[in-house]
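Going by the UniProt record's numbering, the first residue of the sequence shown is number 1, and it counts up by one from there.
No residue lacks a Cβ here, since even glycine has one placed at the ideal position from N, Cα and C.
Given the structure is predicted, the values throughout are model-derived calculations rather than measurements.
What follows is one structure encoded as structure tokens, with my remarks underneath.
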Amino acid sequence: MKFGSQLRDALYPEWRFYYLDYAGLKRQIKDRTVARSYKEGDEAYFVEQLEQELDKVFSFQQVKYGEINRRVQALEDRVQKLSEDPETEMSAYEDVEVDINAVLEEVNELARFTRLNYSGFLKIIKKHDKHTGYVLKPMFMVRLNARPFYRESFDAMMLQLSRLYDIVRNGGKDAGANAAATGQGGAQNFVRRTTKYWVHPDNVLELKFYILKYLPVLIFQSAGGNSAGGKSDLSAPDPAITSIYFDNADLDLYQGRLEKTEGAEAIRLRWYGPTTNQEIFVERKTHCEDWTGETSVKQRFPIKEKHVNAFVRGEYTLDKTVAKLRAAGTRSAAEIDALEVLAQEVQTSIREKKLAPTMRSFYNRTAFQLPGSAAVRISLDTELTLVREDSLDGSSARAGSNWRRTDIGTDYPFSQLPDGDVCRFPYAILEVKLQTQMGTEPPEWVTNLVQSHMVEEVPKFSKFIHGCATLLEPHVQLLPFWLPQMDKDIRKKPMLTHPAASIATRPTPLLGGNNSNGHRRTRSRASSVTSSRSQRSQHATGLTGRLSAVLGKVLGRGTGGPRRRRRSITQRAAVSRSSKRVAVPVRVEPKVFFANERTFLSWVHFAIVLGSLALGLLNFGDDVGRTAGVLFTVIAMGILVYALYLYIWRSNRIRAREAGPYDDRVGPAVLVGVILTAVAINFYLRFSALNNKEPDPSKP
């Protein structure tokens, strides 16, 4: 869809006079370049019109932002008065919730207004420079920076609305004041499920506002009591999270995590906020298959930044830290022992596997969770950036002898780095963690969210794996299955599944849709949800068969694709793709192992029956019976050996997720032939014994 049509479809009717006149500016360029040559007078007139459009958009955005701020402040005062009155009825809070919904709608529209106009200015400048022969972009970017309407952050406003929602939701009580986590007793009766999704930047703010209607924003706190970003105020809900992943020259950890082998490790060093943060977390994630009965675990412990290099080299241990913890008595002996063992095992892995810093991930995280409840936990990671930390290409200038490179901090988008060292992921990452009672369904609003037009499901997505696959492609032999999906536009059109209802009159989801003619959106927005699960299922079903063709189409071409940004990521992996395999996720159900065990037990049962018969012949039979007993005993023992071999062989292939075949066409046929031969020999010997038996002379 062309941008002009997209702008017409997406504009908010009540603000239509304040949008960039993209069509008018585009028409002006066309009229003055087609009929005659473009002159200086035409350029001066165009620049004047562009300046007026910029002033119009900037002024309206500032006025509207201030108005919404005042409305939020008025709502805060109103909620405070209601919460101070113990006789306030719930109906009063419901009225406030309606007003909060209306403000949310305004904020969402203002964010979309900002995004559309910023894109419009960039596109019209690009079109101007292409058709007129004049280069306007450098000068206009200076003017745009002087009117930075596109830099307006809605994070602080989102936190305020989140807190108001939380108070209204709890009938005037601020649940955020009591954020103590509940215990995990009886956790064995819970079903834990984690799924990951991609979110297009156009849908990020809408998604945040939808979630905070049901879950408050969780402010990360460090050990010192300040936010993870090092601030104690609520103006930064998206703390920067940076991780340094370790691997060796053969990328064994990458391979194990991608193939989901049992016991596959991921070792990383993580810190929150700026690089000046002195508290570093050493983390280890261990993958466990379902058939083992265990769950994948993440373990970590803190360490001071000044000790990290020595710890990685194995020169520093946690003996002093452990001794202080034992003396303080703030933790149980089991917890302290586990911490000590974890530190030793991490150092052992680094030493034995020759691990070194390989990949850095950076992102800003917004977390949503009800205080004291782990039933639904949602995190949204934006501005995901992956940076090389390795020296696989012979370069030691990245980190040198340090555990992380020092030429960058947390200054997104890391413009100072060369293209070969950085991958800016084009989408946000939504992670939904559910913990529900056995047999119960997740909340309806969560189901609506994950089936909506705002998200695209990508099971088992990994930042570390994606970074290695794109930045270290010459060194990997296996590619993640989602890499071909990077060339697709994940945006979907909202579909109306409920009668249209005004968000200003009742609390409804913020999933907006188009009206009947498909060209204008109104304040009477619909709570719309797209049932994209079936489409994703069809896509996954056909993925295996079309994988080679898709990889050739997506990764092998130099041009094409809906977005240049997505294309640049896949183009980076342009060498020797024909030899790369794609790891399609395969889930091995426990019933597969049980079926293998049942088959083994069936063979054992047959061998026991045959062996019992053989023992009876050996103990109570004549010479022919004892001969047959020996034959059947040998056959029974052979069946036991064969059954054990077949069981182990199949178990290993299932664990390795091999495609097959799993059947043995030779073994059963040989066993049947041997048994038939033994029966035939027994029959022959018995028949011969009867014929050779001398007649009794006492009988006539």
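Item                                                                                                                                                                        : Value
Name the residue from R398, T410 and S373 whose alpha carbon lies nearest to the alpha carbon of E383.                                                                      : T410
How do the stretch 13–26 and the stretch 113–126 stand: do at least 3 beta-carbon pairs fall below 8 angstroms, yes or no?                                                  : yes
Would you mind working out which of P274, R268, Y272 and G273 sits nearest E283, comparing C-alpha positions?                                                               : R268
Output the distance between the C-alpha atoms of N189 and L449, rounded to the nearest integer angstrom.                                                                    : Reliability of the predicted coordinates at N189 is poor, the pLDDT of 43 falling under 50, and no value is obtained from them.
Could you compute how far the alpha carbon of K26 sits from the alpha carbon of L11?                                                                                        : 18 angstroms
Mapping DSSP to helix, strand and coil, what is R598?                                                                                                                       : helix
Looking only at C-alpha atoms, which of K492, Y427, V446 and W445 sits nearest to F461?                                                                                     : Y427
When you compare each of L215, F46, I68 and L159 to G372 by their alpha carbons, which one comes out closest?                                                               : L215
Return the chain-ordered list of same chain residues with a C-beta closer than 8 angstroms to the C-beta of R491, the five sequence neighbours on each side being excluded. : H200, D202, N203 and H453
Is DSSP giving L386 helix, strand or coil here?                                                                                                                             : strand
Spatial neighbours of A374 within its chain, please: C-beta separation below 6 angstroms, excluding the five flanking residues on both sides.                               : Q435
Helix, strand or coil: how does DSSP classify Q451 here?                                                                                                                    : coil
Measure the CB-CB distance between D487 and I429 and report whether it falls below 9 angstroms.                                                                             : no
Is it a yes or a no for the stretch 33–41 touching the stretch 68–83, going by three-plus beta-carbon pairs under 8 angstroms?                                              : no
With a threshold of 8 angstroms on Cβ separation, who are the neighbours of G133 within its own chain once the five nearest residues in sequence on each side are excluded? : Y38
Rounded to a whole number of angstroms, what is the C-alpha to C-alpha distance between V458 and Q80?                                                                       : 42 angstroms
Counting only the same chain and skipping the five closest in sequence on each side, list residues whose C-beta sits under 7 angstroms from that of residue 710.            : In the structure displayed, the chain extends from 1 to 700; residue 710 sits before or after that span and is not available.
For Y197, which residues does DSSP report across the bridge?                                                                                                                : L430 and E457
Taking C-beta to C-beta, are T317 and Q299 nearer than 9 angstroms?                                                                                                         : no
Classify D390: buried if its beta carbon has 16 or more other beta carbons within 10 angstroms, exposed otherwise.                                                          : buried
Quick check: the Cα distance between V103 and E94, rounded to an integer number of angstroms?                                                                               : 14 angstroms
From the DSSP secondary-structure annotation, give me the bridge partner or partners of N364.                                                                               : A240 and T382
Between which two residues does the alpha helix (DSSP H) harbouring A328 extend?                                                                                            : D319 to A328
Assign A680 to buried or exposed, taking buried as 16 or more other Cβ atoms, counted over all protein chains shown, within 10 Å of its Cβ.                                 : exposed
Can you find the residues in the same chain that come closer than 6 angstroms, C-beta to C-beta, to K196, ignoring five residues on each side of it along the sequence?     : E431, V458 and F461
Select from I100, F593 and K285 the residue whose C-alpha is nearest the C-alpha of S651.                                                                                   : F593
Have a look at P484, R686, R653 and G638 and flag the residue whose alpha-carbon is nearest the alpha-carbon of residue 702.                                                : Past the boundaries of the shown model lies residue 702; the chain is included only from 1 to 700, so the question cannot be answered.
Just the C-alpha distance for T385 and I241, rounded to the nearest angstrom, thanks.                                                                                       : 11 angstroms
Tell me the rounded alpha-carbon separation between I336 and F281.                                                                                                          : 16 angstroms
Whole angstroms is fine: what's the gap from A23's alpha carbon to D42's?                                                                                                   : 17 angstroms
Under the rule that 16 or more other beta-carbon atoms within 10 Å means buried, what is W649, buried or exposed?                                                           : exposed
Consult DSSP for A156 and reduce its assignment to one of helix, strand or coil.                                                                                            : helix
For the putative contact between F121 and L144, defined by C-beta atoms under 8 angstroms, what is the C-beta separation to the nearest angstrom?                           : 7 angstroms
Starting from I648, follow its DSSP beta bridges and name the residues at the other end.                                                                                    : Paired residue(s): none; I648 is not in a bridge.
For V674, I'd like the list of residues in its chain whose CB is within less than 8 angstroms of its CB, leaving aside the five on either flank, ordered along the chain.   : I635 and G638
Any contact of the stretch 327–342 with the stretch 351–367, i.e. 3+ C-beta pairs under 8 angstroms?                                                                        : no
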